[in-house]
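Below is one structure, written out as structure tokens; comments come after it.
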Amino acid sequence: MKTIKTTDEFKALVEKIKAQPHYKDPIGFGIARVDMGQKNEDQVLQANFPLINWNENFGSAAIFMAALEASGETVATNESESVHSIDFNFINYALASFAPYVGEAFGDVHKNVQVIKTLQNLAIEAGIREGEYKVVFLFEDTKPCSVEAVYLKLYALSQAKVPLRGICLDGAFGVLPNVAWSGSTPIELEWLRENEIELKLSGSYPDITSVDKFPRFLQHIIPQDNTRILEASKVRMGAQLAAGTTVMPGASYINFNAGTTGAVMVEGRISSSAIVGKGSDVGGGASILGVLSGTNGNPVSIGENTLLGANSVCGIPLGDGCIIDAGLSILEGTKVHINEAAVKMIQAVNSGLVISEDGYYKGLTLAGMNGIHFRFDTIQNRLVATRSKREIVLNDELH
Amino acid sequence: MKTIKTTDEFKALVEKIKAQPHYKDPIGFGIARVDMGQKNEDQVLQANFPLINWNENFGSAAIFMAALEASGETVATNESESVHSIDFNFINYALASFAPYVGEAFGDVHKNVQVIKTLQNLAIEAGIREGEYKVVFLFEDTKPCSVEAVYLKLYALSQAKVPLRGICLDGAFGVLPNVAWSGSTPIELEWLRENEIELKLSGSYPDITSVDKFPRFLQHIIPQDNTRILEASKVRMGAQLAAGTTVMPGASYINFNAGTTGAVMVEGRISSSAIVGKGSDVGGGASILGVLSGTNGNPVSIGENTLLGANSVCGIPLGDGCIIDAGLSILEGTKVHINEAAVKMIQAVNSGLVISEDGYYKGLTLAGMNGIHFRFDTIQNRLVATRSKREIVLNDELH
Amino acid sequence: MKTIKTTDEFKALVEKIKAQPHYKDPIGFGIARVDMGQKNEDQVLQANFPLINWNENFGSAAIFMAALEASGETVATNESESVHSIDFNFINYALASFAPYVGEAFGDVHKNVQVIKTLQNLAIEAGIREGEYKVVFLFEDTKPCSVEAVYLKLYALSQAKVPLRGICLDGAFGVLPNVAWSGSTPIELEWLRENEIELKLSGSYPDITSVDKFPRFLQHIIPQDNTRILEASKVRMGAQLAAGTTVMPGASYINFNAGTTGAVMVEGRISSSAIVGKGSDVGGGASILGVLSGTNGNPVSIGENTLLGANSVCGIPLGDGCIIDAGLSILEGTKVHINEAAVKMIQAVNSGLVISEDGYYKGLTLAGMNGIHFRFDTIQNRLVATRSKREIVLNDELH
Chain A
1 MKTIKTTDEF
11 KALVEKIKAQ
21 PHYKDPIGFG
31 IARVDMGQKN
41 EDQVLQANFP
51 LINWNENFGS
61 AAIFMAALEA
71 SGETVATNES
81 ESVHSIDFNF
91 INYALASFAP
101 YVGEAFGDVH
111 KNVQVIKTLQ
121 NLAIEAGIRE
131 GEYKVVFLFE
141 DTKPCSVEAV
151 YLKLYALSQA
161 KVPLRGICLD
171 GAFGVLPNVA
181 WSGSTPIELE
191 WLRENEIELK
201 LSGSYPDITS
211 VDKFPRFLQH
221 IIPQDNTRIL
231 EASKVRMGAQ
241 LAAGTTVMPG
251 ASYINFNAGT
261 TGAVMVEGRI
271 SSSAIVGKGS
281 DVGGGASILG
291 VLSGTNGNPV
301 SIGENTLLGA
311 NSVCGIPLGD
321 GCIIDAGLSI
331 LEGTKVHINE
341 AAVKMIQAVN
351 SGLVISEDGY
361 YKGLTLAGMN
371 GIHFRFDTIQ
381 NRLVATRSKR
391 EIVLNDELH
Chain B
1001 MKTIKTTDEF
1011 KALVEKIKAQ
1021 PHYKDPIGFG
1031 IARVDMGQKN
1041 EDQVLQANFP
1051 LINWNENFGS
1061 AAIFMAALEA
1071 SGETVATNES
1081 ESVHSIDFNF
1091 INYALASFAP
1101 YVGEAFGDVH
1111 KNVQVIKTLQ
1121 NLAIEAGIRE
1131 GEYKVVFLFE
1141 DTKPCSVEAV
1151 YLKLYALSQA
1161 KVPLRGICLD
1171 GAFGVLPNVA
1181 WSGSTPIELE
1191 WLRENEIELK
1201 LSGSYPDITS
1211 VDKFPRFLQH
1221 IIPQDNTRIL
1231 EASKVRMGAQ
1241 LAAGTTVMPG
1251 ASYINFNAGT
1261 TGAVMVEGRI
1271 SSSAIVGKGS
1281 DVGGGASILG
1291 VLSGTNGNPV
1301 SIGENTLLGA
1311 NSVCGIPLGD
1321 GCIIDAGLSI
1331 LEGTKVHINE
1341 AAVKMIQAVN
1351 SGLVISEDGY
1361 YKGLTLAGMN
1371 GIHFRFDTIQ
1381 NRLVATRSKR
1391 EIVLNDELH
Chain C
2001 MKTIKTTDEF
2011 KALVEKIKAQ
2021 PHYKDPIGFG
2031 IARVDMGQKN
2041 EDQVLQANFP
2051 LINWNENFGS
2061 AAIFMAALEA
2071 SGETVATNES
2081 ESVHSIDFNF
2091 INYALASFAP
2101 YVGEAFGDVH
2111 KNVQVIKTLQ
2121 NLAIEAGIRE
2131 GEYKVVFLFE
2141 DTKPCSVEAV
2151 YLKLYALSQA
2161 KVPLRGICLD
2171 GAFGVLPNVA
2181 WSGSTPIELE
2191 WLRENEIELK
2201 LSGSYPDITS
2211 VDKFPRFLQH
2221 IIPQDNTRIL
2231 EASKVRMGAQ
2241 LAAGTTVMPG
2251 ASYINFNAGT
2261 TGAVMVEGRI
2271 SSSAIVGKGS
2281 DVGGGASILG
2291 VLSGTNGNPV
2301 SIGENTLLGA
2311 NSVCGIPLGD
2321 GCIIDAGLSI
2331 LEGTKVHINE
2341 AAVKMIQAVN
2351 SGLVISEDGY
2361 YKGLTLAGMN
2371 GIHFRFDTIQ
2381 NRLVATRSKR
2391 EIVLNDELH
């Protein structure tokens, strides 16, 4: 590989690579440092991506593919994903190709080039352990087959490169090994067992912070400046938090493929597949049910400026400006009374609410509606809904 | 002590030791590395057992007793427990006795021999600090008197060597010192106070993760491969988790002497003395009350395939296939209405339900029954019970 | 500065300093080691106080002011706070002044002298980095303007030098930077972003435990011997915990400017500004609302020997000996029925309860009353209040 001298030469090289019959633009790609098993040295436990690319930077993708092929590797562009170890040849090929950009690759500019430069420095200083660095390509959004591909997709979700529920993670639990985590370091349970006697007697048994297939969001993701996560265990990798979201450490939890699309105060649980909109408030201990827990497989979206009171449970989608009072549970089958006056006020901000003869409405009937206040009327002693006094922000983009 | 050459010689030695008048088989024993006080250097703060023996391996117990006596120690077989420091003589005596097994002591075989071999290596490399290693015997299951004995019993619970509620831990809170934990390292609060000025000004104040008498389960116990604990603080040492149990990090907690007897999804609280059966689900924020909190001292067992909905509270034992809907509290005194048809269906899967004239049943009356679904009827506006649609697995072993 | 020889000389020096026209006794002062930004090296991220003084030790304050002025600094006694870097001159001046006390400054005696001695040792060993050590004075309890002043006030709260709600923290969120915490070490998010590629590829990305403006209580405060905090994330710096308080790791949380005034079992949430009295019990998942969440700005105080049941929600102040049953929500607007007999029994232990004609009472009407038991009557199917059977401890100091 001779060194590329100009950006025009670089573009020509990229075009030449892309013209090859088996070439295909990846939907996502990136280079990761992987953690390998202590006992099963070929088992990937975790992939750490300093940068992922998602439907972007195809020039770098082309260079990486060519660099692999120059090292004798074949990129499986006809498969859904392709994962390859990186060696010195790969780094040298990529650096020679990126040469016109190396001088200006700082800060937010040419980040793939920065990755290669950093790799070269590390390789020169410390050598490269076989299999420590991987380049990962995704060509189709189907079931991920490798640990590296699962992580690439989790990064895509957590860095908001794809919307929540916008990517296929089927089978991820089968692909990821269950490991003990000592902070950011994954450790095989079997290795701990085999070494328990020596580790414990020598006082070097590791401090285990969790046992799970997934790492924590904060092990991999740097949040926005105005986002707060008061305890790392409360947000799983693969969650998505919009800027300004605050996650308190009481009873809260945000699972993977769940999260917020605007600044939200989170003091309760956002289960897998649930989404909460801007200005809403998930009160202390409130539960938003997930697709596996009581919603009949219907994922729950909560609109904007909606309040879930402390210890409430929400099993239906809600629109904007709703309130569930503290301690109430509103599930698909929950029956709520709405008087005539309230029905009219609710109809004024919603389409599609058909009047019920007996005045009772099932939770599922009210799914996704705006401006509903769920209350327990302690005089009539029944669950009622009225028009909430919360503002409904008409947001064309979302409605 | 001369080296034992054959397994027959070993057996003869064991028989000889056991024939001594004061000998007694221990119910539990093991060797621990202990953490001592930073200020009170004689105060044991924690005991780390690489292996415990529970009604098993009496040959090793006999050798350890003889090894102690060869070092001039007297094992108090007439007491409930006996704790002794280990020195080089002890190690040499034990190794000489175990000689026929040393060569094959690897993996899961002859683990007590592995402990002694490892101790010898550590002692040769680094010497033995007085009091760092202890051998601990339990002869009776009464109140534990030493930190080491409490830990041995907590290990017995957490490694499922004894069933939950199957061991005496009375007075354990009085025996264990309250310490600051920096990860797995216990630190005396008084030492922190005395050194606060220097630690803080020099930037070496330790990162304190908890202050408690008990350590965390994961500091000492390696879970099964399919068990997950997403946050270490959520399970106290002395809890017992059957394989396949998952503990989520939201509002969950499993106290000591509490846990699961089969694969359970835990997103709520299992208080001390509470037990949950296979296939059951403790929903997000659900609370199972403990003997000290609202159950009049009656410990709560939950059967198999039972669901505690999100933010529900359970203060009575439940059988198999029950449901408490999200947000409901069922305590001993809670009155629930059951209509005649439902009573018949519930009677079909339970014995002992006597018909109430007014249709109301106290929680305590329904304690331990199968197939009950606790719901809030939002038309009649009352708490009702019906026959749940959950399958009741008839399990001879358990019923 | 010549060395002071006697305590009389010391007192004379202090009087001379205090006689200066611009001198003023500070309400609080102390010396801190501060953590500075990795990227913005002038940004203070955290202040670590080995000792704070609050309306006390004015002699030390005078010496510190004089020491600063001897170094050419001007202490802004006419401002609400004044923060100054410490150099060798400061240390030498202070030590020379404290000379009569240096020999006896150990244990609990002369702690400001201990601070200076320790600083001198550290400075001699390792030098002093510009800006690493600060002396902080507060002259007025108004909005804090510096990170150092916010921390001094948080220490005053958490060390119970001032009562809860007894100090001005307005604007503290604006003053504190939002940072990533790796244990006790604050790290700028922007620095992480700039170094993400190198940190991740080299395997040295830090283990981030939270992202917040506030540190955790246990990073700075040593609790009493009988106080337990089972998970550090559950108590924010600025909370106040009376001796004997236990904080469980399930759904609990104690925010800053909130806490306990006696031994309390905490398994739920004590929101900012809420206070709980001796012998009370905040049940698993119970929520005490804060001024920003449903109490119309009225801070909630809970008296002594009061029980908040599991998953209950409390939005009104409660007196002594009250009970909210598991799962109930009592807010300002909640209507509760009280029958005539119960009203009389409640009036016997409270003044000011006016009889309602329809038998219904709003939560706000019952605010702060003693001996009330909030229950859901499952026969009448309504929320009721009765006279609780809990003892009401008449405590002159508090009532």
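Protein chains in written order, with this note's numbering: chain A, 1 to 399; chain B, 1001 to 1399; chain C, 2001 to 2399. Cβ atoms here follow ideal geometry from the backbone N, Cα and C, with glycine treated the same way.
Boundaries of the alpha helix (DSSP H) in which Pro2144(C) is found, first to last residue: From DSSP, Pro2144(C) is part of no alpha helix (DSSP H); its letter is neither H nor E.
Alpha helix (DSSP H) segments (min. 4 residues) lying fully within the region 1320 to 1371 of chain B: 1340 to 1348
Close beta carbons around Ser2287(C), own chain, < 8 Å, minus the five adjacent residues each side: Gly2268, Arg2269, Ser2271, Ser2312, Val2313 and Cys2314
Rounded straight-line distance, which links the Cα of Ile2187(C) to that of Asn350(A): 47 Å
Coil, strand or helix - Glu2015(C) by DSSP: helix
Near-chain A residues of the region 1250 to 1275 of chain B (beta-carbon distance less than 8 Å), N- to C-terminal order: Gly1250, Ala1251 and Glu1267
Contact between the region 1238 to 1246 of chain B and the region 2082 to 2098 of chain C (3+ Cβ pairs under 8 Å): no
Contact under 8 Å by Cβ, Ile1197(B) with Thr2142(C): no
Pairwise C-alpha distance: Ile1379(B) and Cys1145(B): 58 Å
Rounded separation between Asp225(A) and Trp2191(C) - CA only: 11 Å
Euclidean distance between Cα positions of Asp2025(C) and Phe2106(C): 25 Å
Cutoff 8 Å: Thr2434(C) Cβ touching any chain A Cβ: This structure cannot speak to residue 2434(C), because chain C is shown only from 2001 to 2399.
In DSSP terms, what Ile2229(C) is bridged to: Val1211(B) and Val2247(C)
Ordered list of alpha helix (DSSP H) runs contained in the region 1099 to 1177 of chain B, each at least 4 residues: 1111 to 1126, 1147 to 1158 and 1172 to 1175
Asn2078(C) to Leu2138(C) span [Cα, whole Å]: 10 Å
Endpoints, the beta strand (DSSP E) within which His2084(C) is located: Glu2081 to Ser2085
The region 1185 to 1206 of chain B: positions lying closer than 9 Å to chain C by Cβ: Leu1189, Glu1190, Leu1192, Arg1193, Glu1194, Glu1196, Ile1197, Glu1198, Leu1199, Lys1200, Leu1201, Ser1202, Gly1203, Tyr1205 and Pro1206
Reduced DSSP category for Gly1309(B) - H, G, I as helix; E, B as strand; rest coil: coil
Cys2168(C) burial status per 10 Å Cβ neighbour count (16 or more: buried): exposed
Interface positions of the region 1353 to 1380 of chain B facing chain C (Cβ-Cβ less than 8 Å), listed along the chain: Tyr1360
Cβ-based burial, Pro1163(B) [other Cβ within 10 Å; buried from 16]: exposed
Beta carbon proximity, Ser1129(B) to chain A, threshold 8 Å: Here residue 1129(B) turns out to be Arg, not Ser, going by the sequence shown. For Arg1129(B), the answer is no, since every Cβ of chain A falls outside 8 Å of its Cβ.
Short Cβ contact (8 Å threshold) for Leu2328(C) with Phe2256(C): no
Inter-residue CB distance, Ala1274(B) and Gly1290(B) (contact presumed, cutoff 8 Å): 6 Å
Interface flag, Thr1306(B) vs chain C, CB-CB below 8 Å: no
Cβ-Cβ distance between Ala1047(B) and Glu1148(B) below 8 Å: yes
Spatial distance of Asn395(A) from Ser388(A) (CA atoms): No answer about Asn395(A) holds up, because its pLDDT of 47 lies below 50 and its placement is not dependable.
Cα-Cα separation between Thr386(A) and Pro317(A), rounded to whole angstroms: 17 Å
Backbone CA spacing between Leu2331(C) and Lys2134(C) [nearest angstrom]: 45 Å
Residues in the region 1023 to 1051 of chain B having any Cβ partner in chain A nearer than 9 Å: Ile1031, Ala1032, Arg1033, Asp1035, Asn1048, Phe1049, Pro1050 and Leu1051
The alpha helix (DSSP H) enclosing Arg2193(C), as first and last residue numbers: Leu2189 to Leu2201
Segment limits, beta strand (DSSP E) that includes Ser182(A): Val179 to Ser182
Contact list for the region 2170 to 2183 of chain C against chain E, Cβ threshold 7 Å: Protein chains A, B and C are contained in the structure displayed, whereas chain E is not.
Bridge-paired residues (DSSP) for Tyr1253(B): Arg1269(B)
Proximal residues of chain A, C-beta to C-beta of Ile1229(B) below 7 Å: Ser210 and Val211
Beta-carbon proximity of Lys2234(C) to Ile2254(C), cut-off 8 Å: yes
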